[in-house]
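Novice:
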């Protein structure tokens, strides 16, 4: 088995940039031709968008916008062309919101993640991702086909039958949420069965170090993949287990939550993803997840950008005094004031009353000067605290809810 899925994983930065410069304008042009992007991209010249840095000129696309568009223009809101023969499925995610899919080739691009987890033609994958309505099951099945592996389409539930099938068939690899593998293994112990699973690719939840170590103690190498129903694979771990390597089929930006403004290298922010999928060209799609870029290249030899993995949710909307305060509103407040570099809203309780404190990074020294602007933008009055520039934590948090409910 080759160490790498293909030569794209180890290409030089110059070769990758040249490929992006060719593919990105083509993808922007595809998006511009779709009704969903028509208004937002009306003045966009695709030929001028040739790098990740150029994407900052384009608006951020949020899942809520796609959901609203789908209600007005079902089924996909004008963000995908349902006449394309390569689209064979429509899936449903909570909301509900609908995503296109395909059973042709490695449409969701998970083959790369499975290969990095050591899964190949000699493996039978015990696929415990759901196959009904949501796309996770077919995502990992198509990835398994891409690496030549066989698949047991197990889904979840009926754990005794899962163990029976795993033992009888001899499944060697697991795909599913991090914790469900432990349920299967514990049930196998209870039934007196020894399973042959030695590899695992997990997603859809946090893989805690203690759980990864438990699997390692059982002789199972467990690696993570990061993806969404809309985007397919976004990033994946390799055997180096130092961050997650960005998939070759997407571009990633890390921005201040609620904005499209990139954070400084290494800072935590919201993950925006642009895909090269011609069937579903998502441009600057806001995942709602927090992460940060890691410096350097992976020790495994793969050369693409690495991120630190999932670091929380960017959607930090909080209800304070009965009103929702959103990261987008905080960003709007900052944008109103040239001398303000950052702001952070903190929600606390004083007795039985909510308290909103707005910390503002600025060289100004008059907190009262911002009171009216805060009330106008956030729709609430709050306590204003002036803090020195560059003093707020670089953790991606814009709204911090410190209230205790127990």
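Numbering (our numbering), first residue to last: 23 to 428. Backbone N, C-alpha and C define an ideal beta-carbon position, used for all residues, glycine too. The structure displayed is predicted, hence computed values, not measured ones.
Spell out a yes or no on whether the region 54–64 and the region 96–109 are touching, meaning 3 or more CB-CB pairs, one atom from each, closer than 8 Å.
Specialist: yes
Novice: Anyone know if the C-beta pair for residue 202 and residue 222 falls short of 8 Å?
Specialist: no
Novice: Using the three-state DSSP reduction, which class does residue 371 fall into: helix, strand or coil?
Specialist: In this structure, residue 371 counts as strand in the three-state DSSP scheme.
Novice: Would you identify the three-state DSSP class for residue 209, choosing helix, strand or coil?
Specialist: DSSP places residue 209 in helix when its eight states are reduced to three.
Novice: Anyone know if the C-beta pair for residue 366 and residue 414 falls short of 8 Å?
Specialist: Cβ atoms of residue 366 and residue 414: closer than 8 Å.
Novice: With DSSP as the reference, label residue 376 as helix, strand or coil.
Specialist: Of the three classes helix, strand and coil, the one that applies to residue 376 here is strand, per DSSP.
Novice: Per DSSP, what are the beta-bridge partners of residue 243 in this structure?
Specialist: 221
Novice: Measuring CA to CA, which of 26, 188 and 425 is closest to residue 375?
Specialist: 425
Novice: Below 8 Å between beta carbons: does that hold for residue 292 and residue 284?
Specialist: The beta carbons of residue 292 and residue 284 sit no closer together than 8 Å.
Novice: Would you list the residues sitting across from residue 178 in a DSSP beta bridge?
Specialist: Paired residue(s): none; residue 178 is not in a bridge.
Novice: Is the distance from the Cβ of residue 105 to the Cβ of residue 325 below 8 Å?
Specialist: no
Novice: Express the C-alpha separation of residue 162 and residue 151 in angstroms, rounding to a whole number.
Specialist: Looking at the two C-alpha atoms, the distance is approximately 8 Å.
Novice: Decide if residue 299 is buried, meaning its Cβ has at least 16 other Cβ atoms within 10 Å, or exposed.
Specialist: Per the 10 Å Cβ criterion, buried.
Novice: Nearest to residue 124 by alpha carbon, out of 310, 335 and 301?
Specialist: 301
Novice: Does the ligand GTP have even one heavy atom less than 7 Å from the beta-carbon of residue 312?
Specialist: The ligand GTP is absent from the structure shown, which contains no ligands of any kind.
Novice: Going by DSSP, what residue range makes up the alpha helix (DSSP H) through residue 291?
Specialist: Boundaries for residue 291: no alpha helix (DSSP H) harbours it, while the beta strand (DSSP E) harbouring it runs 291–297, taken from the DSSP string.
Novice: Provide the residue span of the beta strand (DSSP E) that contains residue 424, from first to last.
Specialist: Run containing residue 424: none; DSSP gives neither H nor E here.
Novice: Using C-beta distances below 7 Å, list every residue in its chain close to residue 191, excluding the 5 sequence neighbours before and after it, in chain order.
Specialist: The residues are 146 and 174.
Novice: To which residues does DSSP link residue 114 through a beta bridge?
Specialist: 120
Novice: Please determine if the region 328–340 and the region 105–117 are in contact, where contact requires at least 3 C-beta pairs separated by less than 8 Å.
Specialist: no
Novice: Alpha carbon to alpha carbon, what distance is there between residue 306 and residue 369?
Specialist: 30 Å
Novice: Applying the criterion that 16 or more other CB atoms from any shown protein chain within 10 Å of the CB defines a buried residue, is residue 36 buried or exposed?
Specialist: exposed
Novice: Would residue 260 be called buried (16 or more neighbouring beta carbons within 10 Å of its own) or exposed?
Specialist: If you draw a 10 Å sphere on the C-beta of residue 260, you find 16 or more other C-beta atoms in it, and that means buried.
Novice: Between the Cα of residue 421 and the Cα atoms of 363, 408, 340 and 361, which residue gives the shortest distance?
Specialist: 340
Novice: Quick one, which of 193, 115, 120 and 180 has its alpha-carbon nearest residue 141's?
Specialist: 193
Novice: Please report how far the alpha carbon of residue 81 lies from the alpha carbon of residue 148, in whole angstroms.
Specialist: Going by C-alpha positions, residue 81 is about 40 Å away from residue 148.
Novice: Can you tell me which of the three DSSP states residue 87 falls into?
Specialist: The three-state secondary structure of residue 87, taken from DSSP, is helix.
Novice: What whole-angstrom Cβ distance do residue 313 and residue 276 have, given they're in contact under 8 Å?
Specialist: 6 Å
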